[in-house]
Amino acid sequence: MGAEGGERLRLEQEASPNHTVLIVEDEVFTRLMIADELRSAGYEVIEAATADEALDVLAYIAGVSVVISDIRMPGSMDGLRFARRVRSEYAPIHIVLTSGDLMNVNSVDHDGFFSKPYDVKKIINHIKTLFD
Numbered sequence: 434m435g436a437e438g439g440e441r442l443r444l445e446q447e448a449s450p451n452h453t454v455l456i457v458e459d460e461v462f463t464r465l466m467i468a469d470e471l472r473s474a475g476y477e478v479i480e481a482a483t484a485d486e487a488l489d490v491l492a493y494i495a496g497v498s499v500v501i502s503d504i505r506m507p508g509s510m511d512g513l514r515f516a517r518r519v520r521s522e523y524a525p526i527h528i529v530l531t532s533g534d535l536m537n538v539n540s541v542d543h544d545g546f547f548s549k550p551y552d553v554k555k556i557i558n559h560i561k562t563l564f565d
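Pasting the structure below:
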């Protein structure tokens with residue numbers, strides 16, 4: 434097993450298989466990149482391109498532990514409004530917000546904020562702290 438394989442195995446062993454992450458991101462490349470990294474770290478991952486799609490996922494799929502959502506998205510609601518809705522309807526779910534714009538997200542109840550471009554490994558480490 435090469436160094437890369439050893440690193441991947443170590444990351445998979447660190448994550449709990451009981452945690453499912455819902456990624457809400459309209460930029461396909463960004464969504465695929467973070468989804469791949471989270472899967473490599475051992476998380477179950479569900480992807481959605483809009484808040485509307487994500488709400489459908491939450492309504493029909495149980496067990497989502499963390500939502501990672503971009504703030505600026507197309508559709509009927511942006512990530513801030515989506516985060517408020519998740520917090521009110523699915524209180525146990527942790528919410529991590531991301532944005533390419535510097536913004537004040539203090540008015541939104543969330544469990545972390547990362548500016549884009551972000552370091553996926555930092556997000557993974559942050560998710561781990563949510564369950565410690």
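Just add 433 to the spot in the sequence shown (first one is 1) and you have our numbering. All C-beta atoms in this analysis are idealised placements derived from N, C-alpha and C, irrespective of residue type, glycine included. Because the structure is a prediction, the values reported are computed rather than measured.
How far does the beta strand (DSSP E) with residue i in it extend, from its first residue to its last?
| i | result |
| --- | --- |
| K565 | The identity of residue 565 in the sequence shown is Asp, whereas the question assumes Lys. Run containing D565: none; DSSP gives neither H nor E here. |
| S502 | 497–503 |
| S548 | 546–548 |
| S532 | 527–532 |
What residue range does the alpha helix (DSSP H) around residue i cover?
| i | result |
| --- | --- |
| A468 | 461–473 |
| A481 | It is not in any alpha helix (DSSP H) - A481 instead sits in the beta strand (DSSP E) that spans 477–481. |
| A484 | 484–493 |
| G512 | 512–522 |
Relative to the alpha-carbon of residue i, which residue among the options has its alpha-carbon at the smallest distance?
| i | options | result |
| --- | --- | --- |
| A482 | Y493, G496, R505 | R505 |
| K554 | I467, E486, V461, E458 | I467 |
| Y569 | L455, N558, F547, S548 | Residue 569 falls outside the range modelled here, since the chain spans only 434 to 565, and no answer is possible. |
| G496 | I526, E460, R517 | I526 |
| R585 | F547, D485, D552, T531 | Because the chain in this structure spans residues 434 to 565, residue 585 falls outside the shown range and cannot be described. |
Less than 8 Å between C-beta atoms, sequence neighbours within five positions excluded: which residues of the same chain meet that for residue i?
| i | result |
| --- | --- |
| H452 | Y476, E477, S498, V499, I560, F564 |
Excluding the 5 residues flanking residue i on each side, which residues of the same chain have their C-beta closer than 7 Å to its C-beta?
| i | result |
| --- | --- |
| R520 | I528, D542 |
| L471 | V454, V478, I557 |
| Y523 | L491 |
| S532 | D503, I504, R505, S548, K549 |
Apart from the five residues just before and just after residue i, which ones in its own chain have a Cβ nearer than 6 Å to its Cβ?
| i | result |
| --- | --- |
| E458 | R464, D503 |
| G545 | V529, H559 |
| D534 | none |
Stretch-stretch touch, CB-based, cutoff 8 Å, three pairs: the segment 502–518 with the segment 471–478: no
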